[in-house]
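Since the structure comes first, as C-alpha cells, the remarks are kept for the end.
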Amino acid sequence: QVQLVESGGGLVQPGGSLRLSCAASGVIFSGGVMAWYRQAPGKQRGQRELVAIISSRGITNYADSVKGRFTISRDNAKNTVYLQMNSLKPEDTAVYYCHFPAGGSWGQGTQVTVSS
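Residue numbers (our numbering): 1 to 116.
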C-alpha cells in the first residue's frame, strides 16, 4: 500500500517562500508520475486544483496560476517529491496534497496560509 506524508506547510507573509516535501513509501517511486494538488478554503475534495506534476524522467508541468513561482522536483533516492513555492500570494492559501496517480494515493495534506 502506498503511503504519502507531506510536510513543510505553515504561515508565511505575502512574497515569502515555503518548501513542501512528500515522502513516499510502498511504491517503486522512481517509476511513477507524482503531483501536487491544493484545496482552497470552502472548496470540496472534487474541486482540488492540480498545481504541478512531474514525470519519472523529471518532465514538469504547472498550473498557469503558479508558473514562474513554484518548482516541483523529485529525489528518487529518497522517495521524495518537493514543491518549492516562491513569491507566495494570499490566493495560494490552501491545503496542499501530494498525489500518486498510478496508485490512487493521497497524502493527508499540509496547510499553507499566506497572510500578513
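Ideal Cβ positions, reconstructed from N, Cα and C, are used throughout, including at glycine.
Please read all numbers here as calculations on a predicted model, not as lab measurements.
query                                                                                                   : result
Residue range of the beta strand (DSSP E) that includes residue 74                                      : 70-75
Beta-bridge partners of residue 124, as assigned by DSSP                                                : There is no way to answer for residue 124, as the model of the chain reaches only from 1 to 116.
Residue environment, residue 42, which counts as buried when at least 16 other CB atoms sit within 10 Å : exposed
Secondary structure, alpha helix (DSSP H): runs of 4+ residues fully inside the segment 29-74           : none
Between the CA atoms of residue 40 and residue 72 - distance to the nearest angstrom                    : 19 Å
Entirely enclosed beta strand (DSSP E) segments - the segment 79-104, minimum 3 residues                : 80-85, 94-100
Inter-residue Cα distance where the pair is residue 84 and residue 20                                   : 6 Å
Sub-7 Å separation of residue 101 and residue 5 beta-carbons                                            : no
Residue 25 versus residue 87 - alpha carbon distance                                                    : 31 Å
Pair within 7 Å by beta-carbon distance, residue 117 and residue 66                                     : Residue 117 is absent from the structure shown; the chain starts at 1 and stops at 116.
CB-CB length for residue 18 against residue 112, believed under 8 Å                                     : 6 Å
As assigned by DSSP and simplified to three states, the class of residue 17                             : coil
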